[in-house]
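For what it's worth, this note's numbering labels the leading residue of the sequence shown as 88, then goes sequentially.
Built from N, CA and C at the ideal position, the CB exists for glycine as well.
Note that the structure is predicted; figures quoted are calculated from it, not measured.
Notes for the one structure printed next.
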Amino acid sequence: MAEAHVIGQIIGATGFSESSLFCKWGIHTGAAWKLLSGVREGQTQVDTPQVGDMAYWCHPIDLHFATKGLQGGYRLRRWGIVTPRAAGAGNTPSCPIPRTLWVFLAEPALEGSW
């Protein structure tokens, strides 16, 4: 059985009109993946930037999976802000090289569509 470690952090967000931001996140996997340690979902603290529009969270991610096969993989998704206005998803790299994963968020066209 193969194992995978996902270690990193959610650094922050920029480009939103709101002044207080947080992130709800989740890791979703295929049926062959079993979480051995860590948590599948969580939420950062709220940051209200005093200078500029970048909200910093530096929220740690530390997961340990076991898998019988690579089918299904794992995906980081379900990002949000104070009033859930944006969502995005990104596939985490499957090779053991340090990488930066950028997740671009999409906002719904109509207010209250969430």
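Sequence-distant residues of its chain with Cβ nearer than 6 Å to residue 89 (five each side left out): Numbered from its first residue, the sequence shown carries residue 89 at position 2. These residues qualify, in order along the chain: 154.
Return the chain-ordered list of same chain residues with a C-beta closer than 6 Å to the C-beta of residue 128, the five sequence neighbours on each side being excluded. As a first step, residue 128 is located in the sequence shown; it is residue number 41 there, counting from the start. Taken in chain order, the residues that qualify are 113.
Residue 142 vs residue 108 beta-carbon contact at 8 Å: Your numbering for residue 142 matches position 55 in the sequence shown. Your numbering for residue 108 matches position 21 in the sequence shown. Yes, the pair counts as a contact, with Cβ atoms nearer than the cut-off.
Which two residues bound the contiguous beta strand (DSSP E) that contains residue 145? Locating residue 145 in the sequence shown gives position 58, counting from the first residue. Residues 142 to 154.
Beta-carbon separation (whole angstroms), residue 97 vs residue 135, contact threshold 8 Å: Position 10 of the sequence shown holds residue 97. Position 48 of the sequence shown holds residue 135. So it is not a contact: roughly 17 Å between Cβ atoms.
Identify which residue in 91, 156, 140, 190 has its Cα closest to the Cα of residue 105. The residue given as residue 105 occupies position 18 in the sequence shown. Selected option, being the one with the closest Cα: 140.
Spatial neighbours of residue 92 within its chain, please: C-beta separation below 6 Å, excluding the five flanking residues on both sides. Sequence index remark: in the sequence shown, residue 92 carries index 5 (1-based). Hits under 6 Å: 151.
If I'm right that residue 99 touches residue 148 with Cβ under 8 Å, what's the distance once you round it to whole angstroms? In the sequence shown, counting from the first residue as 1, residue 99 sits at position 12. In the sequence shown, counting from the first residue as 1, residue 148 sits at position 61. Not quite, the Cβ-Cβ distance comes to about 14 Å (not below 8 Å), so this is no contact.
How is residue 116 classed by DSSP in three states: helix, strand or coil? Residue 116 sits at position 29 when you count from the first residue of the sequence shown. Reduced to three states, the DSSP call for residue 116 is strand.
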